[in-house]
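From first to last, the protein sequence lines stand for chains S and V.
For the first sequence, my numbering assigns the number 1 to the initial residue and increments by one for each residue that follows.
For the second sequence, my numbering assigns the number 466 to the initial residue and increments by one for each residue that follows.
Notes follow the structure.
There are 2 protein chains.
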Amino acid sequence: MNITASYTDLYQLTMAQVYFKTKPDGRAVYDYYFRNNPFNGGYSIFTGLEDVLNILETLKFSDSDLTYLEQHGFEKSFLEYLKDFQFRGNISSSLEGDVVFPNRPILQVEANIIEAQIIETMLLNILNFQTLIATKASRIRHSAKTEMLLDMGLRRAHATGGYYASRAAIIGGFDSTSNVKAAEDYDIPSSGTMAHSFIQSYEDELQAFRDFAKIRPKNCVLLIDTYNTLRSGLPNAITVAKEMESSGEQLLGVRLDSGDLAYLAKRTRKMLDDADLNYVKIVASNQLDEYVIKSLKEQGAPIDIYGVGTNLVTGKPDAAIDGVYKLSEYNGEPRIKLSENIIKVSLPSKKQVYRMLDKNGMFYGADAVAMYDEENVARMEHSFDANKSLELTRFEHEPLLQKVMENGKKVMPARTVSEIAEYSKSRLEQLPEEYKRFQNPHIYKIGLSTDLKKERDSLVQKHKF
Amino acid sequence: MNITASYTDLYQLTMAQVYFKTKPDGRAVYDYYFRNNPFNGGYSIFTGLEDVLNILETLKFSDSDLTYLEQHGFEKSFLEYLKDFQFRGNISSSLEGDVVFPNRPILQVEANIIEAQIIETMLLNILNFQTLIATKASRIRHSAKTEMLLDMGLRRAHATGGYYASRAAIIGGFDSTSNVKAAEDYDIPSSGTMAHSFIQSYEDELQAFRDFAKIRPKNCVLLIDTYNTLRSGLPNAITVAKEMESSGEQLLGVRLDSGDLAYLAKRTRKMLDDADLNYVKIVASNQLDEYVIKSLKEQGAPIDIYGVGTNLVTGKPDAAIDGVYKLSEYNGEPRIKLSENIIKVSLPSKKQVYRMLDKNGMFYGADAVAMYDEENVARMEHSFDANKSLELTRFEHEPLLQKVMENGKKVMPARTVSEIAEYSKSRLEQLPEEYKRFQNPHIYKIGLSTDLKKERDSLVQKHKF
């Protein structure tokens, strides 16, 4: 499947046809944001932007898309329009890899309303998923501290979604992926060990290890749990490690993929050390996530490298982020979506988000949302408690939304995945620890500028029943 | 991203290179199966086969794949081999859409070991995910009974995995999808309604409904919760429905997307009926799954059409099926993977699976696994309880694994997605109700033929420590 402009929901095209007939020159601002951090966490890692911009620069309807739409009742004049469709709008956005929080705009699209509507589904599809996975990866990184993390999830990923999962995993803090295609296209490190079937294809495990080590002596990791970890796999691996030494090579590691990993890792480390193989690393895998790795570290399991699959690439247990794309301005007029819950009421108008920094350059604990062109935002109001506000003049603050696309062309220099990962790491270092803990993390606050709050409240009144 | 042969894990290629140098003519049999039904359910719907076979028929390494592998240390002679790589093996499989159960082969690959190894990741990636989603869809169908089900999940799907999710949803029993690209490529019905932003782009809701109904009178569904469902959205929709009547059209439905769906649906039905609009349907959406729909039905909510998104396309809460691909035979010799848990010990040799039918043609509650060429399987033994067995002579039984690919070419006539969905529906009708319930479903049993059990037990002994 190639992504063309028909990678969207049918209703986007139905609505677009109505716009085409009634308001072809309408100009809209849409906000991308989500309502909750995934995993009951205290933050999210915004990911997927570069992919979205690359797709937008070349997005078109293919001939077969147009034939399909013609057969499904779309009108000739609208099909003619779609034939020449391209996205020519502007996008301002948080930088990819930034630490972001719920209920404030992460990205804003400002474009012809037909164009902005048609791209909604693709944009949500790519950003929601990669943000989910990068956030999961960052939590696993938090548990693993400085140990190496490998993504091995492709076989359990959601079909070709696995391709994007591997990219997002690196941005969230993983070191490498087993996914060759993603490594190739995104220029990220690849790695891998061996499977049980490799060993089973031999009459005996020792011969399997010997052949593997002989042909692939560099980065050689032997899987030791096919028959019996401590009585067969590990003794055979030690034999091969010694043979490698005599030909000037070094075994990189052994992998545990079942059983009690804490117990087996300790026994394995002891047996390796007793054989003077203290350089041989221990790789562990099998249904790992941030909680299991945290527990393994707390038990003192001497694991050097963690391979993480299913729980990473599927973003378990949440499996989705509730990202939305809401109209906030139409032809220069503010727009709102109501809800019985005030926190779910959307924020009108084109906006800017400011992050407050304390005197050490750490995130202060609150973002302020203001009108886009508002100057000298001096005070930030609580979203619905009129008694609470914060003077902003005593804080350094930085605008988060930057122009990344103008008239359909990228205006930010491209960054590699590893550059984005580095940026993300540096941003996370600015986030105080209490937002990173897994249990009841601190809530990163949001405030509205006085002008924005007034505008929201007057629109709420206007639509009141 | 196009799927080429580098859509695999790096270790497959590392192992393949060792096979290439040490046993280039090795012949292997691999079993695809999983260990647990997802969602604590009593069955799974096997899905994704047609996609896998289509991919296998044309799978190749691209030039850029080969360049990447050359840069990453693979040897010249092996790269030459990869240049001409194609899958030339045989596959026997359950039919797509069949009702399947854990711990017995669903699909078997018999091929040169290098080829069989390289395709593993792609095969698992496609089958695991689509089987997960079709099974989820089938559970939602079970709750919704005969009401219409729409897949609207693309925006929350795992990037392009959403394309395959929409296909699998139809096989599991959904009626249509919002996903235009999937509808187009797989020839499945598409549908859609309208978004809040459409209404927000107008000064007033009534005008938005009027424009929409005028331009798209067929299959027109109006979204009524943007401002206030019962005081604004519904009265405006009723006005438009009456205007449509006077121009000879009929409003198809109104959609509820927030609030208490049971309460709102009842109030909406009453107001529609009071306006003589009993033909106008009620569409409901908002975080639905099989449990919410079951509850809505139990409360008597008069909902005609359910739109399901996130929980469907992400297969929440499981998000993955634990499908594996295990070597069961190498060069004609049986192979086994041990585990401390007898149920996780793999079954050796090439096999056939028989489904027992009772005298009414219903599934009897047990599948028998036998050697592939075993004739007249008369008795089925319990997998590890020596005191339990079952005479098979009194049952009709059907072999489940059929030849679907020979020498890399499909040998089954292609079926459309709707034909597969029909087949799946008919198979589910053969499954007794107690396997379909959500709470503690009956466990579908497995038995081994006497010969297979002997072979497994002797291999367990051989590898015992």
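For every residue, glycine included, the Cβ atom is placed at its ideal position computed from N, Cα and C.
- Relative to the Cα of Ala-378 of chain S, the nearest Cα in the group S:Ser-93, S:Ser-449, S:Met-122, S:Ala-320 belongs to S:Ser-449.
- Under the three-state reduction of DSSP, Met-380 of chain S is assigned to strand.
- Counting the other CB atoms within 10 Å of its CB gives Met-362 of chain S a total below 16, which places it among the exposed residues.
- Going by DSSP, Asp-63 of chain S is part of the alpha helix (DSSP H) stretching over 63-71.
- DSSP, reduced to helix, strand and coil, places Val-745 of chain V outside both helices and strands of the structure shown, so it counts as coil.
- Note that the C-beta distance between Ala-111 of chain S and Ala-28 of chain S is below 8 angstroms.
- Apart from the 5 residues on each side of it in sequence, Tyr-202 of chain S sits with its Cβ closer than 6 angstroms to the Cβ of Ala-208 in its chain, given in chain order.
- Fully enclosed beta strand (DSSP E) runs of no fewer than 3 residues occupy 816-822, 828-836, 844-847, 854-856 of the segment 796-862 of chain V, in order along the chain.
- Asp-84 of chain S counts as exposed, since fewer than 16 other C-beta atoms from the protein chains shown sit within 10 angstroms of its C-beta.
- Within the DSSP bridge table, the entry for Ile-45 of chain S names S:Val-99 as partners.
- A Cβ-Cβ separation of about 7 angstroms places Met-659 of chain V in contact with Val-686 of chain V under the 8 angstroms criterion.
- For Leu-127 of chain S, the enclosing alpha helix (DSSP H) covers residues 120-144.
- Residue-level contact check: His-862 of chain V does not touch chain S, since none of the beta carbons of chain S fall below 8 angstroms from its beta carbon.
- Around His-72 of chain S, the beta-carbon contacts reaching into chain V at under 8 angstroms are Ser-655.
- About 5 angstroms separates the CB atoms of Leu-615 of chain V and Ser-641 of chain V; that is less than 8 angstroms, so the two are in contact.
- Residue-level contact by beta carbon fails for Leu-107 of chain S and chain V, as no gap is shorter than 8 angstroms.
- Exposed is the label assigned to Phe-384 of chain S, since fewer than 16 other Cβ atoms lie within 10 Å of its Cβ.
- Contact of His-661 of chain V with chain S by beta-carbon distance below 8 angstroms involves Lys-326, Leu-327, Lys-337.
- Interface annotation, Gly-233 of chain S: not in contact with chain V, CB-CB separation never under 8 angstroms.
- The beta carbon of His-463 of chain S sits closer than 8 angstroms to some beta carbon of chain V.
- Taking a Cβ-Cβ cut-off of 8 angstroms, the neighbours of Val-18 of chain S in chain V comprise Phe-663, Asp-676, Phe-677, Ile-680, Arg-681, given in sequence order.
- With a threshold of 8 angstroms between beta carbons, Pro-782 of chain V makes contact with chain S.
- By the criterion of a C-beta distance shorter than 8 angstroms, Ser-854 of chain V is surrounded in its chain by Arg-844, Met-845, Glu-846, His-847, Gly-912, once the five residues flanking it on both sides are discounted.
- In the same chain as Ile-571 of chain V, and ignoring 5 residues on each side of it, the C-beta atoms closer than 6 angstroms to its own belong to Tyr-497, Tyr-498, Phe-511, Ser-559, Val-565, in chain order.
- Closest in C-alpha terms to Ser-191 of chain S, from the list S:Gly-248, S:Tyr-164, S:Gly-253, S:Glu-205, comes S:Gly-253.
- For Leu-619 of chain V, the chain S residues whose C-beta falls within less than 9 angstroms of its own C-beta are Tyr-7, Thr-8, Asp-9, Thr-121, Met-122, Leu-124, Asn-125, listed in chain order.
- Gly-153 of chain S sits in coil when the DSSP states are folded into three classes, being neither helix nor strand.
- Note that the segment 623-631 of chain V does not touch the segment 522-542 of chain V; fewer than 3 beta-carbon pairs, one per stretch, sit closer than 8 angstroms.
- In the three-state DSSP reduction, Asn-701 of chain V falls in the helix class (H, G or I).
- Of S:Asn-128, S:Tyr-306, S:Ala-182, the smallest CA-CA separation from Val-417 of chain S is found for S:Ala-182.
- Distance between Thr-704 of chain V and Asp-676 of chain V, taken at the CA atoms: about 13 angstroms.
- For Arg-167 of chain S, the uninterrupted alpha helix (DSSP H) run begins and ends at 161-171, by DSSP.
- The DSSP-derived three-state label of Ser-923 of chain V is helix.
- Comparing C-alpha distances from Lys-868 of chain V to each of V:Gln-817, V:Gln-551, V:Ile-598 shows the shortest one belongs to V:Gln-817.
- Residues of chain V with a Cβ closer than 7 angstroms to the Cβ of Ile-113 of chain S are, in chain order, Ser-666.
- For Lys-410 of chain S, the beta-bridge partners assigned by DSSP are S:Met-405.
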